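Under our numbering, the first residue of the sequence shown carries the number 1, and numbering increases by one thereafter.
Don't be surprised by glycine CBs; every beta carbon is placed ideally from N, CA and C.
None of these values were measured; they are calculated from a predicted model.
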Amino acid sequence: MPGYHRPMDAPRLSVAITIDHDAISDAIRRGDPPVTVSHAEFGPRVGIKRILALLAERSIPATFFVPGHSLTTFIDDTDAILAGGHELGCHGWFHEDFAELADDEARAVLDRSIEAVRAVTGAAPAGWRAPYWSLGKSTLGLVEAAGFVYDSSLMADDYRLYRVRHGDRHSMTDGTTWGQPGSLVEVPVYWAMDDWPQFEPAPNRAGLKAPSAVLEIWTEELRYAHRHAPGGLVMITVHPECIGRGHRMAMLERFIDAAAALDGVAFERLDVVVARWSAAQT
Ligand SMILES: [Zn+2]
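In structure tokens:
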């Protein structure tokens, strides 16, 4: 495996704040009851405003993954995201579970989402993140064919980007045959770096943790990566309906403070990180 390679123009450590603006897209697709829909509505009503204000106050560019329903329903949020200089990536239309979609259904959702972004930015989006980080076996091939530059749904690395492999084969008798990497770049995710499994009281989750416990995890990741992964990326994933509660916003402020206090840290959009990484590959 290659060691850490820091391109000449890379910061010591990149930090990316990624925001999945799901809003009510999956709650209404599932036909959830009113309290669940209201929990989701907190995102566009309160949470995203607080996040955008914090990013503006600290002059931090970020990446927003927005389902098509959120993008078109809460158009003021979309406008504010773009006015703030942030990146807009795709995240399904109604936050579909792509593991449950047939290929033609998945293609249709991808195409519709791309066109919705193009309608507001004038350009195709570079990035895609699977809703629920849930993928069917062919999903990333469809994402690559749709023209996306990067995906952010897999977990095979932490601070380093890599190319998505297609066509791995695993046989009980003949073992594993690795597929070939395509053009799609992976920006890896992880549950511990996502606010949702930390804070939301879903089944099998601890839920509703103290922010201090999560802040410890996130800042230790910063310190470890800063020391051991020069040129690497620490990325967090947050949801406005989750991180937007006051006690968690206070934690996000402290996380940003901790990152800014480290030497050579740059807050960056994912498309910027991916473009620099791609240019450094030979
Ligand atoms: Zn989502």
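Item	Value
Ligand 1 and Phe255: does the residue's C-beta get closer than 8 Å to at least one heavy atom of that ligand?	no
Where DSSP assigns a beta bridge to Glu96, which residues make up the other side?	In DSSP, Glu96 forms no bridge with anything.
Given the structure, does Pro34 come close to ligand 1, in the sense that its CB is under 8 Å from one of the ligand's heavy atoms?	no
Under a three-way DSSP split, which group does Leu270 fall into?	helix
Verify the contact flag: His91, CB atom, against every heavy atom of ligand 1, threshold strictly below 8 Å.	yes
Is there contact here, the region 19–39 with the region 98–107, by at least three beta-carbon pairs under 8 Å?	no
Which residue's Cα is closest to the Cα of Arg276: Arg160, Pro131 and Glu96?	Arg160
CB of Tyr190 to nearest heavy atom of ligand 1: below 8 Å?	no
From the DSSP output, read off the bridge partner residues of Arg163.	Val185
Relative to the alpha-carbon of Ala83, which residue among Glu96, Ala56 and Cys90 has its alpha-carbon at the smallest distance?	Ala56
Looking at the structure shown, is Met1 part of a helix, part of a strand, or coil, going by DSSP?	Confidence in Met1 is poor, its pLDDT being 44 and thus under 50, which makes the residue's placement unreliable; the coordinate value appears in the next sentence. Coil at Met1, not helix or strand.
Report yes if the C-beta distance between Asp271 and Val149 is below 9 Å; otherwise report no.	yes
Check whether the region 110–130 and the region 62–80 are in contact - that is, three or more C-beta pairs closer than 8 Å.	yes
Rounded to the nearest angstrom, what separates Arg269 and Glu220 at their Cα positions?	22 Å
For Ser153 and Thr78, I'd like the C-alpha separation in whole angstroms.	22 Å
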